[in-house]
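**Student:** Sequence order for the protein chains is A and B.
Counting along the first sequence from 1, when you hit position 388 you're at 388 in this note's numbering, and nothing is skipped either side.
Counting along the second sequence from 1, when you hit position 207 you're at 994 in this note's numbering, and nothing is skipped either side.
The beta-carbon is built from N, C-alpha and C at its ideal position, and this holds for glycine as well.
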Amino acid sequence: MLDKPNSYVGRTLSRDAAKRAVAGRGRYTDDIAPARTLHAAFVRSPYGHAKILSIDVEAAKQQPGVTLVMTGAELAEMCTGPWVGTLVCFDGMKSEPQHPMAIDRACWQGEPVVMVVASTRAEAEDAAELVIVEYEELPVVIDKETALDKSTPVIHPDLGDNLAFEKMIETGDVEKAVAEADVVIEDTFTFGRHTAVSLEPRALLAEYDPGTERLTIHTSSQCPHMIQAVFARTLGVPEHNVRIVAPDVGGSFGLKIHTFGDEIAATAAAIKLARPVKFVADRLESFATDIHARENCVKARMAVSKDGIITSLDIDVRSGAGAYSQYPRTSVFEANQILNITGGPYGHENYRATTQVVYLNKVPTSQYRAVGHPIGNTVGESLVDQAAAACNIDPMEFRRRNVMRDDSYPRVSAAGIEMRDMSHQQCLETLVERMSYDALREEQAELRKQGIQRGIGIAAFIKGTAPGPAGYYGAGGAPISSQDSCTIKLEPSGGVICMVGVTDQGQGVDTVMGQIAAATLGVPMESVRVIEGDTDAVPYGGGTYASRATAIGGEATYQAAMTLRAEILEIAGVLLQAEPDTLDILDGHVVDKGDTSSRISLAEIGRIGHFQVAELPNHIQPTLSATHRFRLRDALYIFTNGIQGAYVEVDTDTGFIKLLNHWVIEDCGRVINPQLADEQVRGGCVQGLGGALYEECVYDTAGQLQNATLADYLTPMAGEMPDIEVAHIQTHTGVSELGAKGVGESGTGAAPAVVMNAVNDAIRPFGGKVTAQPMSPETILKALGKV
Amino acid sequence: MKAPKFEYVRAGSRQQALELLDQHGEDGRILAGGQSLMPTLNMRLSQPGTLIDINKIADLSGITLENNVVRIGAMTRHVEVANSPIIAEHLPLIAEAMEHVAHHAVRNRGTIGGSVALADPAAEMPACVLALGATLIVESVKGRREIAADDYFQGLYETARESNELLVEISVPIEKPDDVSVFLELAQRHGDFAMAGLACVARISNRTFEDLRLVYFGSEDKPTIATGAMAAVVGQTWSAACKEAAADALTNDLDPMTNLQGSSEMKLHLQKVLTGRALDAAIERAEAA
Ligand SMILES: Cc1cc2nc3c(=O)[nH]c(=O)nc-3n(C[C@H](O)[C@H](O)[C@H](O)COP(=O)(O)OP(=O)(O)OC[C@H]3O[C@@H](n4cnc5c(N)ncnc54)[C@H](O)[C@@H]3O)c2cc1C
Chain A
1 MLDKPNSYVG RTLSRDAAKR AVAGRGRYTD DIAPARTLHA AFVRSPYGHA
51 KILSIDVEAA KQQPGVTLVM TGAELAEMCT GPWVGTLVCF DGMKSEPQHP
101 MAIDRACWQG EPVVMVVAST RAEAEDAAEL VIVEYEELPV VIDKETALDK
151 STPVIHPDLG DNLAFEKMIE TGDVEKAVAE ADVVIEDTFT FGRHTAVSLE
201 PRALLAEYDP GTERLTIHTS SQCPHMIQAV FARTLGVPEH NVRIVAPDVG
251 GSFGLKIHTF GDEIAATAAA IKLARPVKFV ADRLESFATD IHARENCVKA
301 RMAVSKDGII TSLDIDVRSG AGAYSQYPRT SVFEANQILN ITGGPYGHEN
351 YRATTQVVYL NKVPTSQYRA VGHPIGNTVG ESLVDQAAAA CNIDPMEFRR
401 RNVMRDDSYP RVSAAGIEMR DMSHQQCLET LVERMSYDAL REEQAELRKQ
451 GIQRGIGIAA FIKGTAPGPA GYYGAGGAPI SSQDSCTIKL EPSGGVICMV
501 GVTDQGQGVD TVMGQIAAAT LGVPMESVRV IEGDTDAVPY GGGTYASRAT
551 AIGGEATYQA AMTLRAEILE IAGVLLQAEP DTLDILDGHV VDKGDTSSRI
601 SLAEIGRIGH FQVAELPNHI QPTLSATHRF RLRDALYIFT NGIQGAYVEV
651 DTDTGFIKLL NHWVIEDCGR VINPQLADEQ VRGGCVQGLG GALYEECVYD
701 TAGQLQNATL ADYLTPMAGE MPDIEVAHIQ THTGVSELGA KGVGESGTGA
751 APAVVMNAVN DAIRPFGGKV TAQPMSPETI LKALGKV
Chain B
788 MKAPKFEYVR AGSRQQALEL LDQHGEDGRI LAGGQSLMPT LNMRLSQPGT
838 LIDINKIADL SGITLENNVV RIGAMTRHVE VANSPIIAEH LPLIAEAMEH
888 VAHHAVRNRG TIGGSVALAD PAAEMPACVL ALGATLIVES VKGRREIAAD
938 DYFQGLYETA RESNELLVEI SVPIEKPDDV SVFLELAQRH GDFAMAGLAC
988 VARISNRTFE DLRLVYFGSE DKPTIATGAM AAVVGQTWSA ACKEAAADAL
1038 TNDLDPMTNL QGSSEMKLHL QKVLTGRALD AAIERAEAA
């Protein structure tokens, strides 16, 4: 069905929203402005940790335009109870109950304390300045390395200590492998905190109609149904009375799969006032309240035989969460994922991985694009490069000897994860060819003679995509669906409406779903309308996260379209007195399978099926619609694989890194839209490169975030980015008929690893080595012993 | 991030602007390109009572050449400076530096006067006007003052301009035909404020530095003349030893501020590296001329 000539599947089409966005006709949450809308602003804790002694809101209440000033205690009265960010799938995990706004105690700088609602945001901010909060500063816990020391204060005394979660995976016998190894590489890696920095910040417009008791929330979200469940439960509104609409969403990167206290507060205000209330995080608020991620320190050890075969790997991960575990997805996924994927491309059989996730007086952490992978890949791939150097084996050759064989699946990795339908060997050989590896090595050697220090990096990777129901969220007790769904309908006009649970944030999910539907049904793209991001319209689904939209939502759409197609052919068969299997659908017409001559148009089927039903025999009750859901069965994820290459130049006097070239060969299974897949990989790489080179949420010892502006928190810009060449190996996943795996995070997952390897390759002759990200000029200069 | 309430007056003439400045004192603030001022208002870092918009004052912008002096009106936008044939021909240092000032969108609005008035320690234009020995012309209701660039920059965002004075013009003597100039800066991303940088003007004959001016920015609290490094080089024929002497002398000339971009030690190191590179480039340019 999908491989027909001229199929929409496998074809580049520009995404639906592109033209609109370029013309300035995007419609984001903040563009929606019902009459009588009020605006919320927040008084936020200026301290990393402080007791709230008193709150005086009288002056603020008197300000022009102010309709409501609400404290954390007042808000808590409207809520069913505090959030507890734990999941039962994380054994022994603990977290302090968290109210949407602080009540007695603020635990990070930026935590909301008081909400002011006024006619304009400016008025709300003016009034917020007049709220007087008396604080008593408490000691802060900032350093994850000492967070569990006896002498360190405990942030939440009821928890007993600052430990959120610990876990160990053990396979085989690491100590024996190390004792028997010819080469043992040991190192420690540190990773700074990042945040997502979506172009459109978090935004929410809540409206409550006391007449119908309906709560409607427009919000910039990836997961409307999860938001529906969490907001309904937190505010005590029946779920079916809550409608969540995600209009155009301007980037998300995982940020918008979460729930935030200020958004609950603004929604509570809308209920209380029965007026629309809008909250749009400004950039300062985004830095100080959007989830953070990536703060980890990993001690790692790899054992290798002298012919360059990895025999064991062990890692110990200290992960720095924030003041609470983020509800409902928790703050421990990153560490868990590092354990799952480190060393994942390789066939060693001895593995030990431990982690401790600790609470800190910082912004809560949670899932951000490629959760854990940049860390796990950097650790594993840096050790591989060091091991190759120690064995005097070329790093490409070293990987060639160690990656899992393409004919060895299904199999289980050393971390205990099922791997199938993967292609490390094919990806590696493709990379060798694409980057002209041998010629590049020669060029590098030649330039060294001229004093130009270039480095070549390689990083093989695996990526967990499209999580299944057996693993974490739903199974762990969170109202998050791991299935996704599509309802597809044939309209009287012959047009097709395709309603999907997955959502688009600018990556073109809607276009991809449209392509699958059009190709499966046999109709032109123009006659398919995809509807997403509205809980009133679409069947229940998890939304878009963890590279799942195409793999899960795409299969649901394919199956739904297949069912509708069968019904159309059945009706056509009756009308044409032909066997349905002698018919096909092409370009909006039912045709003869043989000579593809048109027999009846879908518009005609639509007309008869909806209006002239009497033309059909009584036993046919046309529904002309189908709903399908899809989920993985036993698998934890659909794992994908790939390999990246990088070519960089290091100025060894200034520590500046110039990115010259970047290559990604990856296997996302069936590619539906080559350009959109490529751009996911490129954008993902850029996000990873930003983290490797520039980005870090810097805290001082008092728990103050030092760089909460775009002038000080450096994101990657086009000017500094290399050309990124992308190629896809397409090993279809066997878990679905569509065969697509996830692709959205593969660039991000390994880009930091490959660029760090390239930098280290450049400075290795000088005895330099960096193991900390971001790799600022100062980090490089220190590694070179220049400062 | 909404600005607190303020009054706004669009000054129709220079005289009106001066009167408004006088009348509002510390509470009034000039609005030029707004590229630095508006973010500080929106972040509520400053709360002036009245903004005095000088964008419509025609005789505050433009670039002219008279008697070997280039006169740049304070309201002249970065983009006009960047595109000016007069600047390209007579002040190549400024032309070279302009490439590093922010991005196109910011340059389309931001002004040279705003940049010199604000005196951000990492900004390019203050370093250039100091390196070129420019004169800053300010006016108040009481009259006109000329301030030598050497006396103008006094500290972190501190200048010799009084709060009732309007910066009206920057007059810069043209670079002499036998001088060469070099502008270098290090910023992690193009268009960012500098991590380290210098503006260099030199007279060189037969690889010997006859005259030299080195002004550093991005590391100190204000654009800073490195007298020690200059003394180490002037009169010398360029050599590896001379390069090292200049770098050594810089240790006493500079006392870099540690900030998020790096430590004091690293910034000093970078300024030393840039010094060697700038002087190499100066020699190269002198030889090419
Ligand atoms: C993203 C970004 C990146 C930037 N990068 C750089 C960079 O790399 N290098 C750089 O140099 N700059 C940079 N800037 C700043 C930019 O160049 C500003 O335009 C400039 O510093 C100020 O000029 P303005 O005309 O915008 O001044 P405004 O913002 O209008 O004013 C700045 C200050 O100067 C005062 N002022 C302005 N004109 C006068 C006058 N004639 N007399 C008295 N007082 C006056 C104002 O009252 C105010 O206090 C950047 C800005 C942005 C937003």
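If you compare alpha carbons, which of Pro-345/A, Arg-352/A and Val-371/A is closest to Arg-401/A?
**Tutor:** In the first sequence, counting from the first residue as 1, residue 401/A sits at position 401. Out of Pro-345/A, Arg-352/A and Val-371/A, Pro-345/A has the C-alpha closest to the C-alpha of Arg-401/A.
**Student:** Would you mind listing the beta strand (DSSP E) stretches within the segment 31–91 of chain A that are 3+ residues and don't spill past its ends, in chain order?
**Tutor:** Whole beta strand (DSSP E) segments, 3+ residues: 38–44, 50–56 and 66–71.
**Student:** So, does the CB of Leu-714/A fall closer than 8 Å to a CB anywhere in chain B?
**Tutor:** In the first sequence, counting from the first residue as 1, residue 714/A sits at position 714. With 8 Å as the cut-off, Leu-714/A counts as an interface residue toward chain B.
**Student:** From the DSSP output, read off the bridge partner residues of Ser-927/B.
**Tutor:** Taking the second sequence and counting its residues from 1, the one referred to as residue 927/B is at position 140. Looking at the DSSP assignment, Ser-927/B forms a beta bridge with Gly-930/B.
**Student:** For Asn-951/B, which of Thr-1045/B, Lys-929/B, Ala-1019/B and Arg-1064/B has the nearest alpha-carbon?
**Tutor:** Indexing the second sequence from 1 puts residue 951/B at position 164. With distances taken between Cα atoms, Asn-951/B lies closest to Lys-929/B.
**Student:** So that I know if they touch, is there some Cβ in chain B lying closer than 8 Å to that of Leu-784/A?
**Tutor:** In the first sequence, counting from the first residue as 1, residue 784/A sits at position 784. Closer than 8 Å: no.
**Student:** Closer than 7 Å to a non-hydrogen atom of ligand 1 - does that hold for the CB of Phe-287/A?
**Tutor:** As a working note, residue 287/A is residue 287 in the first sequence. No, the beta carbon of Phe-287/A sits no closer than 7 Å to any heavy atom of ligand 1.
**Student:** Which residue from Glu-74/A, Asp-143/A and Gln-483/A puts its Cα closest to that of Leu-636/A?
**Tutor:** Here residue 636/A corresponds to residue number 636 of the first sequence, with the count starting at 1. Among Glu-74/A, Asp-143/A and Gln-483/A, the Cα nearest to that of Leu-636/A is on Gln-483/A.
**Student:** Looking at C-alpha atoms only, which residue of Glu-58/A, Asp-581/A and Thr-365/A is the closest neighbour of Arg-193/A?
**Tutor:** Here residue 193/A refers to the residue found at position 193 when the first sequence is read from its first residue. Of Glu-58/A, Asp-581/A and Thr-365/A, the residue nearest in Cα terms is Thr-365/A.
**Student:** Can you pull the chain A residues whose beta carbon is under 7 Å from the beta carbon of Lys-789/B, in chain order?
**Tutor:** Counting from 1 along the second sequence, the entry for residue 789/B is found at position 2. Simply Arg-121, Ala-122 and Glu-125.
**Student:** Since Ser-319/A sits in a beta bridge, which residues does DSSP pair it with?
**Tutor:** As a first step, residue 319/A is located in the first sequence; it is residue number 319 there, counting from the start. Beta-bridge pairing links Ser-319/A to Asn-296/A and Val-357/A.
**Student:** Leaving out five residues on either side along the sequence, give the residues of the same chain with a beta carbon under 6 Å from the beta carbon of Asp-534/A.
**Tutor:** As a position in the first sequence, residue 534/A is number 534, starting the count at 1. Correct list, in chain order: Val-245.
**Student:** For Gly-72/A, which option in Val-133/A, Gly-416/A and Ala-59/A has the closest C-alpha, if you only look at C-alpha atoms?
**Tutor:** As a position in the first sequence, residue 72/A is number 72, starting the count at 1. When each option's Cα is compared against that of Gly-72/A, the closest is Val-133/A.
**Student:** Say yes only if the C-beta of Ala-947/B is nearer than 7 Å to one or more non-hydrogen atoms of ligand 1, and no if none qualify.
**Tutor:** What you label residue 947/B is simply residue 160 of the second sequence in a count that begins at 1. No, the beta carbon of Ala-947/B sits no closer than 7 Å to any heavy atom of ligand 1.
**Student:** Locate the alpha helix (DSSP H) running through Thr-520/A, then write down its first and last residues.
**Tutor:** Counting from one through the first sequence, the residue named residue 520/A turns up at place 520. It spans 509–521 - the alpha helix (DSSP H) in which Thr-520/A sits, taken as one unbroken run.
**Student:** Of the residues that make up the segment 1041–1070 of chain B, which ones have a beta carbon closer than 7 Å to any beta carbon in chain A?
**Tutor:** Hits within the stretch, in order: Leu-1047, Gly-1049, Ser-1050, Glu-1052, Met-1053, His-1056, Leu-1057 and Val-1060.
**Student:** Quick check: is any heavy atom of ligand 1 less than 7 Å from the C-beta of Met-499/A?
**Tutor:** Taking the first sequence and counting its residues from 1, the one referred to as residue 499/A is at position 499. No - ligand 1 has no heavy atom lying nearer than 7 Å to the Cβ of Met-499/A.
**Student:** At what residues does the beta strand (DSSP E) containing Tyr-473/A begin and finish?
**Tutor:** Sequence index remark: in the first sequence, residue 473/A carries index 473 (1-based). Tyr-473/A -> not in any beta strand (DSSP E); alpha helix (DSSP H) instead, spanning 473–476.
**Student:** Confirm, please, whether the CB-CB distance from Asp-385/A to Asn-6/A is below 8 Å.
**Tutor:** Stepping through the first sequence from its first residue, residue 6/A is reached at position 6. Stepping through the first sequence from its first residue, residue 385/A is reached at position 385. No, the Cβ-Cβ distance between Asn-6/A and Asp-385/A is not below 8 Å.
**Student:** In this structure, what does DSSP give as the bridge partners for Tyr-647/A?
**Tutor:** As a working mapping, residue 647/A is identified with position 647 in the first sequence. DSSP output for Tyr-647/A lists Ile-456/A and Asn-661/A as bridge partner(s).
**Student:** Report the partner residues of His-99/A according to the DSSP bridge assignment.
**Tutor:** Your numbering for residue 99/A matches position 99 in the first sequence. Per DSSP, none; premise fails for His-99/A.
**Student:** Using only the alpha-carbon positions, how far apart do Leu-917/B and Leu-943/B sit?
**Tutor:** Within the second sequence, numbered from 1, the residue matching residue 917/B stands at position 130. Within the second sequence, numbered from 1, the residue matching residue 943/B stands at position 156. Using only the alpha carbons, I get a separation of about 15 Å.
**Student:** In angstroms with no decimal places, state the Cα-to-Cα distance between Glu-737/A and Thr-557/A.
**Tutor:** Start at 1 with the first residue of the first sequence, and residue 737/A comes out as number 737. Start at 1 with the first residue of the first sequence, and residue 557/A comes out as number 557. Using only the alpha carbons, I get a separation of about 11 Å.
**Student:** Nearest to Ile-849/A by alpha carbon, out of Ala-118/A, Val-530/A and Asp-143/A?
**Tutor:** The requested residue 849/A is not part of the displayed model; chain A covers only 1 to 787.
**Student:** Note down, in chain order, all residues in the segment 820–847 of chain B with a beta-carbon under 9 Å from any beta-carbon belonging to chain A.
**Tutor:** Flagged, chain order: Pro-826, Asn-829, Met-830 and Arg-831.
**Student:** Can you tell me where the beta strand (DSSP E) with Gln-941/B in it begins and where it stops?
**Tutor:** Looking up residue 941/B in the second sequence gives position 154. Its beta strand (DSSP E) spans residues 940–942.
**Student:** Answer yes if the segment 427–436 of chain A comes into contact with the segment 733–748 of chain A, meaning at least three C-beta pairs across the two stretches below 8 Å, and no otherwise.
**Tutor:** Too few Cβ pairs lie closer than 8 Å, so no.
**Student:** By how many angstroms is the C-alpha of Arg-816/B removed from the C-alpha of Glu-933/B?
**Tutor:** Walking along the second sequence from the start, residue 933/B turns up at place 146. Walking along the second sequence from the start, residue 816/B turns up at place 29. Rounded to the nearest angstrom, the two C-alpha atoms are 21 Å apart.
**Student:** Would you say the beta carbon of Arg-294/A is closer than 7 Å to some non-hydrogen atom of ligand 1?
**Tutor:** Here residue 294/A is taken as the residue at index 294 of the first sequence, counted from 1. No, since every heavy atom of ligand 1 falls outside the 7 Å radius drawn around the Cβ of Arg-294/A.
**Student:** Cα separation between Thr-652/A and Gly-785/A?
**Tutor:** Reading the first sequence from its first residue, position 652 is the one you call residue 652/A. Reading the first sequence from its first residue, position 785 is the one you call residue 785/A. For Thr-652/A and Gly-785/A, the distance between alpha carbons rounds to 10 Å.
**Student:** How would you list, in chain order, the residues of chain A whose beta-carbon sits under 9 Å from the beta-carbon of His-977/B?
**Tutor:** As a position in the second sequence, residue 977/B is number 190, starting the count at 1. The contacting residues are Met-717, Gly-719 and Glu-720.
**Student:** Just curious, the beta strand (DSSP E) that Pro-960/B is in, first and last residue?
**Tutor:** Mapped onto the second sequence, residue 960/B falls at position 173. From DSSP, the beta strand (DSSP E) with Pro-960/B extends over 953–960.
**Student:** Just grab the DSSP bridge partners of Pro-112/A for me.
**Tutor:** For the purposes of this step, residue 112/A is taken as the residue at position 112 of the first sequence. Answer by DSSP bridge pairing, in chain order: Arg-44/A.
**Student:** Tell me, which residues are paired with Leu-824/B by DSSP?
**Tutor:** Taking the second sequence and counting its residues from 1, one reaches residue 824/B at position 37. Answer is none; Leu-824/B lacks a bridge partner.
**Student:** Just reading off the beta strand (DSSP E) that Tyr-135/A is part of, what are its end residues?
**Tutor:** Looking up residue 135/A in the first sequence gives position 135. First-last of the beta strand (DSSP E) with Tyr-135/A: 132–137.
**Student:** Find the residues of chain A that neighbour Leu-973/B, judging by a C-beta separation of less than 8 Å, and give them in chain order.
**Tutor:** Within the second sequence, numbered from 1, the residue matching residue 973/B stands at position 186. Those are Thr-654, Phe-656 and Pro-777, listed as they occur along chain A.
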